[in-house]
Amino acid sequence: MTPSASAHHLFHPINSDAWATSLLTGIDHLSRQLRSVTGPSNGTAPELAAKLVADVDLDAPLGDTAAALAEMSKLYLDDAVWFHETGYAAHLNCPIVIPALVAELFVSSVNSSLDTYDQSIGGTFMERHLVDWTANRIGFPEGSADGIFTSGGTQSNLQALHLARDRAASHGLDRLRIFTSTDGHFSVQKAARLLGLGDDAVVCIPVDAQHRMQASALADALAGCVADDLVPMAVVATGGTTDFGAIDPLDDVADLCHAYATWFHVDAAYGGGLLASQRRRHLLGGIERAESVTVDYHKTWFQPVSASAIIVRDAATLHPVTWHADYLNPKDAAHPNQVDKSLQTTRRFDALKLWLTLRIMGPDTIGDYFDTVIDLAGEVHAALVRCADVEVAAEPTLSTVVFRYRPHHLDPTRVDELNTRIRSALFASGRSMVASTKVNGEVWLKFTLLNPLATALDILGIVDQVRAAGAEMLMGADR
Ligand SMILES: *Cc1c(COP(=O)(O)O)cnc(C)c1O
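Heads up: the sequence shown begins at 56 in my numbering, then just goes up one per residue.
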C-alpha cells in the first residue's frame, strides 16, 4: 500500500524518519529557548499577549515544523513562565524531573487510554500498582485500599466528596454539611456546588495561630450540626494548606469523624510529597485513618501536569462512579476496567510519568527534593524575622513563606496597597515572581518554594527586590 501524500503526518512506522526529525527539531528548539531564558517571565501585559495570538489565521497553515515553532515562540515561549528559574516563587508549580519527560514521550506517542484493559493492557496494572504503592505509603490496610489517577486535586476532592455524599444521601441533600478549615482549598466549596449541596453546606472551622484547624471548634461545630438536625457528611482536613502549608490535627479530626460516623477526607494535594520524605513523613501522622486522600503528584512529586490521585481506604466505596456501558465495560467484563472507578472515560496514562520517576530516581530522591525546599523555607523565614522592614505571618510547616514589606514609618492604611503594587512591579520586571494572598483581610506576599536548586541567597535576593520596589514607590509618593 502506498500511503497518500497527506498521511505523512501520522505516527506510523512508515513515517519514523519524519517523526524523529520533527521531535529532534522540537528538542533543539526548546534547548535553544531554554538557554535564552534569563528570568521566570518577562511580565508581558495581557493586551499584548492577546493581540499576538489573535493575529494568527488558523486556516492558513505554515506547513513546516520549524516555522510553526518559531511562530509559537513569539506567541508563547518568549513570554512563558518558567518554573525551573530560581526567581519563580509564586504558586504551587514545581520544576519537573527528566524521567517524567521521557515518560511523556511514551504517554503521548502510544496514546493508551486507561479507561479499559483492552486499551491499555499493562498500563492498567502499572497504574494500579502505583495506587497500591501510594496507599501503602499512606498506611491503608493492604488488599482493601484502591484509588484512581485524576486530573488534579480539584477532581480528586470532588470525587472524594461525591463518595461521601453517596454514603449520606439518604438523609436528604439539603441536610448534609461538610466541614473544612477557613484555610481549606476552595475546591471543597466548588465540589459542594457541583454535588448539589449549595454554598451553605460547607462549614468553615477557625484555625489556630499556625493556621491549623482547631479541633475543639470542629467538635463544637459537629455537635451543633447534629443538634440542628443536620447531618455531618464529611470533614476535609488539609494536609498542607495552600497558603501556609499547615497540616490540620489529623488524629483529632479522625477521632471526631469516628465519633460522628462522618467521612474523613484528607486533602494532601500539597503535603502528599511527605509520603516520600525520609525526614518528615511523621508530619502526616493520622492520615492512615482517613476514608480518602488526595495526592497531587504534579506539585510536590515534581511531575508535569497532570498527575494526581484519589486513594481510598476501602475499594468498595468507589462504586458510586461505576456505570456499565455495553460497548465499553459491560457488567460481566472479563477484564479489569479502570473506568469503573473514574469520573473520566478516555484518560491519559499519566501514571507512567510517576512510574519512570520511581524506577529511575526512586522515591527517596523525590522526598529529598521536598525536604530540601522545606529546609529552604525554614532558612528564609529565619532570615526574614530578623528584618526590621519585613513582617512574617507564621512559621512555615512546608515550603511557603507568607510575608509583607512594612517599614516602621509606613502609614498602616497603606500596607495593603503598597504590597499589591510591589507584587505587580516584580511581575512586570520579569526578574522574579511572588504570589499574594489575604490573611484576616490584609494583603500579604507569599513565596511558594518548590525549586530544590534555589538557595536562601536566591530567595533573599527576591526580598531585596521587594524592598527596593517598595522603597521606590514610597519615595515617588513622597515627592
Ligand atoms: C492545589 C491544591 C488543590 C487543587 O489541586 P489542582 O491539582 O490544582 O486541581 C487542592 N487542595 C490543595 C490543598 C491544594 O494546594
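Built from N, CA and C at the ideal position, the CB exists for glycine as well.
Open item on the list: On the DSSP letters alone, give me the boundaries of the alpha helix (DSSP H) that histidine 353 sits inside.
Closed with: As a working note, residue 353 is residue 298 in the sequence shown. Unbroken alpha helix (DSSP H) run through histidine 353: 352–355.
TODO: May I ask you to check if the CB of threonine 189 is nearer than 7 Å to at least one heavy atom of ligand 1?
DONE: Residue 189 sits at position 134 when you count from the first residue of the sequence shown. No, since every heavy atom of ligand 1 falls outside the 7 Å radius drawn around the Cβ of threonine 189.
Open item on the list: I'd like the ranges of any alpha helix (DSSP H) spanning at least 4 consecutive residues and lying wholly in the segment 466–510.
Closed with: 470–484
Task: Segment contact, 8 Å Cβ cut-off, at least three pairs: the segment 335–351 with the segment 368–375 - done: Using a C-beta cut-off of 8 Å, the segment 335–351 makes contact with the segment 368–375, since at least three inter-stretch Cβ pairs fall below that distance.
Task: Contact between the segment 306–326 and the segment 270–280 (3+ Cβ pairs under 8 Å) - done: yes
Open item on the list: Please return the same chain residues whose Cβ sits closer than 6 Å to the Cβ of histidine 320, not counting the five positions on each side in sequence.
Closed with: Position 265 of the sequence shown, counted from the first residue, corresponds to residue 320. The answer, listed in chain order, is Ala215, Ala289, Val291 and Ser347.
TODO: Sort His464, Thr468, Ala437 and Asp466 by Cα distance to phenylalanine 458 and report the nearest one.
DONE: For the purposes of this step, residue 458 is identified with residue 403 of the sequence shown, where counting begins at 1. Among His464, Thr468, Ala437 and Asp466, the Cα nearest to that of phenylalanine 458 is on Ala437.
TODO: Using only alpha-carbon positions, find the residue among Arg267, Gln244 and Leu213 that is nearest to glutamate 450.
DONE: Residue mapping note: residue 450 aligns to position 395 of the sequence shown, counting from 1. For the options Arg267, Gln244 and Leu213, the alpha carbon positioned closest to that of glutamate 450 is the one of Arg267.
Open item on the list: So, for leucine 231: in the same chain, excluding its five sequence neighbours on each side, which residues have a beta-carbon less than 7 Å away from its beta-carbon?
Closed with: Here residue 231 refers to the residue found at position 176 when the sequence shown is read from its first residue. The residues are Arg220, Ala223, Leu252, Ala256, Val286 and Met288.
Open item on the list: Less than 8 Å between the beta carbons of tyrosine 460 and leucine 473, yes or no?
Closed with: Locating residue 460 in the sequence shown gives position 405, counting from the first residue. Locating residue 473 in the sequence shown gives position 418, counting from the first residue. For tyrosine 460 and leucine 473, yes; Cβs fall inside 8 Å.
Task: Buried/exposed call for isoleucine 69, threshold 16 Cβ in 10 Å - done: Locating residue 69 in the sequence shown gives position 14, where the first residue counts as 1. When all chains shown are included, isoleucine 69 counts as exposed.
Task: DSSP three-state assignment for isoleucine 205, whether helix, strand or coil - done: Residue mapping note: residue 205 aligns to position 150 of the sequence shown, counting from 1. The amino acid occupying residue 205 in the given sequence is threonine; isoleucine does not appear at that position. Note: threonine 205 maps to strand in three-state DSSP.
- [ ] With distances taken Cα to Cα, identify the nearest neighbour of aspartate 306 among Ile517, Gly207 and Glu343.
- [x] Within the sequence shown, numbered from 1, the residue matching residue 306 stands at position 251. Of the candidates Ile517, Gly207 and Glu343, the one whose C-alpha sits nearest the C-alpha of aspartate 306 is Glu343.
Open item on the list: Cutting at 6 Å between CB atoms, please list the residues of its own chain near alanine 158, excluding the five before and the five after it.
Closed with: Stepping through the sequence shown from its first residue, residue 158 is reached at position 103. For alanine 158, where only same-chain residues beyond five positions count, the Cβ hits under 6 Å are Leu407, Lys408 and Leu411.
- [ ] Return the first residue and the last residue of the beta strand (DSSP E) that proline 116 is part of.
- [x] Sequence index remark: in the sequence shown, residue 116 carries index 61 (1-based). For proline 116, no beta strand (DSSP E) run applies, since DSSP gives it neither H nor E.
- [ ] With DSSP as the reference, please indicate the residues paired to phenylalanine 319 in a beta bridge.
- [x] Numbered from 1 along the sequence shown, position 264 holds the residue referred to as residue 319. The partner list for phenylalanine 319 (beta bridge, DSSP) reads Val290.
Open item on the list: For the segment 84–100 against the segment 126–145, do three or more pairs of beta-carbon atoms, one drawn from each stretch, fall closer than 8 Å, so that the two count as touching?
Closed with: Yes, they touch.
Task: Whether isoleucine 82 touches threonine 205 by CB criterion (8 Å) - done: As a first step, residue 82 is located in the sequence shown; it is residue number 27 there, counting from the start. As a first step, residue 205 is located in the sequence shown; it is residue number 150 there, counting from the start. Going by C-beta atoms, isoleucine 82 is not nearer than 8 Å to threonine 205.
Task: Residue(s) in a DSSP beta bridge with aspartate 364 - done: Numbered from 1 along the sequence shown, position 309 holds the residue referred to as residue 364. Sequence inspection shows alanine at residue 364; the aspartate mentioned does not correspond to that position. In DSSP, alanine 364 forms a bridge with Phe204 and Val350.
Open item on the list: Within a Cβ cutoff of 6 Å, which residues of the same chain sit near threonine 377, ignoring the five residues on either side of it in sequence?
Closed with: Stepping through the sequence shown from its first residue, residue 377 is reached at position 322. Correct list, in chain order: Asp395.
- [ ] Please list, in chain order, all residues of the same chain as threonine 293 whose beta carbon is under 6 Å from its beta carbon, the five residues on each side excluded.
- [x] For the purposes of this step, residue 293 is taken as the residue at position 238 of the sequence shown. Excluding positions up to five away in sequence, the list reads Gly239, Asp303 and Asp322.
- [ ] Could you tell me how far apart the beta carbons of alanine 524 and phenylalanine 425 are, in whole angstroms, since I believe they sit closer than 8 Å?
- [x] Taking the first residue of the sequence shown as position 1, residue 524 is located at position 469. Taking the first residue of the sequence shown as position 1, residue 425 is located at position 370. Their Cβ separation, rounded to whole angstroms, is 30 Å, which puts alanine 524 and phenylalanine 425 out of contact at 8 Å.
Open item on the list: Does the contact criterion of 3 or more C-beta pairs under 8 Å hold for the segment 97–115 versus the segment 146–157?
Closed with: no
TODO: Go ahead and pull the three-state DSSP assignment for tyrosine 325.
DONE: Position 270 of the sequence shown, counting from 1, holds the residue named residue 325. Coil at tyrosine 325, not helix or strand.
- [ ] Compare the C-alpha of serine 271 against each of Ile260, Pro359 and Thr420 and name the closest.
- [x] Along the sequence shown, one-based indexing puts residue 271 at 216. For the residues Ile260, Pro359 and Thr420, the minimum Cα distance to serine 271 belongs to Ile260.
Open item on the list: Taking its Cβ as the centre, do 16 or more other Cβ atoms sit within 10 Å of alanine 190, making it buried, or is it exposed?
Closed with: As a position in the sequence shown, residue 190 is number 135, starting the count at 1. So alanine 190 counts as buried.
TODO: Could you name the residues that DSSP lists as bridge partners for methionine 268?
DONE: Here residue 268 is taken as the residue at index 213 of the sequence shown, counted from 1. Partner(s): Val262.
TODO: Write down the C-beta distance between glycine 329 and threonine 171 rounded to the nearest angstrom, noting that I regard them as a contact closer than 8 Å.
DONE: As a first step, residue 329 must be located in the sequence shown, where it is residue number 274. As a first step, residue 171 must be located in the sequence shown, where it is residue number 116. What sits at residue 329 in the sequence shown is leucine, not glycine. In this structure leucine 329 is not in contact with threonine 171, their Cβ atoms being roughly 33 Å apart against a cut-off of 8 Å.
Open item on the list: Can you tell me whether serine 487 sits near ligand 1, meaning its C-beta is under 7 Å from at least one heavy atom of the ligand?
Closed with: Along the sequence shown, read from residue 1 onward, the residue named residue 487 stands at position 432. Serine 487 Cβ: outside cutoff for every heavy atom of ligand 1.
Open item on the list: I'd like the span of the alpha helix (DSSP H) that includes leucine 185, first residue to last.
Closed with: What you label residue 185 is simply residue 130 of the sequence shown in a count that begins at 1. Where leucine 185 is concerned, the enclosing alpha helix (DSSP H) stretches over 177–193.
Open item on the list: Only counting the same chain, and skipping five residues up and downstream in sequence, which positions put a Cβ closer than 8 Å to that of serine 265?
Closed with: On the sequence shown, position 210 is the one that residue 265 refers to. Rather than serine, the amino acid found at residue 265 in this sequence is glutamine. Same-chain partners within the cutoff: Phe299, Ala301, Ala449, Glu450 and Thr452.
TODO: Report buried or exposed for leucine 79, applying the criterion of at least 16 other Cβ atoms within 10 angstroms of its Cβ.
DONE: Here residue 79 corresponds to residue number 24 of the sequence shown, with the count starting at 1. Exposed is the call here.
- [ ] Could you name each continuous alpha helix (DSSP H) segment of 4 residues or more that falls completely within the segment 87–155, going from the start of the chain to the end?
- [x] 101–109 and 120–130
TODO: Determine the direct distance from the alpha carbon of valine 521 to that of lysine 501, and round the result to whole angstroms.
DONE: Here residue 501 refers to the residue found at position 446 of the sequence shown. Here residue 521 refers to the residue found at position 466 of the sequence shown. Whole-angstrom Cα-Cα distance: 11 Å.
Task: Rounded Cβ spacing between phenylalanine 138 and cysteine 149 (contact assumed at less than 8 Å) - done: In the sequence shown, counting from the first residue as 1, residue 138 sits at position 83. In the sequence shown, counting from the first residue as 1, residue 149 sits at position 94. Yes, they are in contact, since the Cβ atoms of phenylalanine 138 and cysteine 149 sit about 6 Å apart, within 8 Å.
TODO: Spatial neighbours of aspartate 263 within its chain, please: CB distance less than 6 Å, with the 5 preceding and 5 following residues excluded, ordered by chain position.
DONE: Translated into positions along the sequence shown, residue 263 becomes position 208. The answer, listed in chain order, is Gln269.
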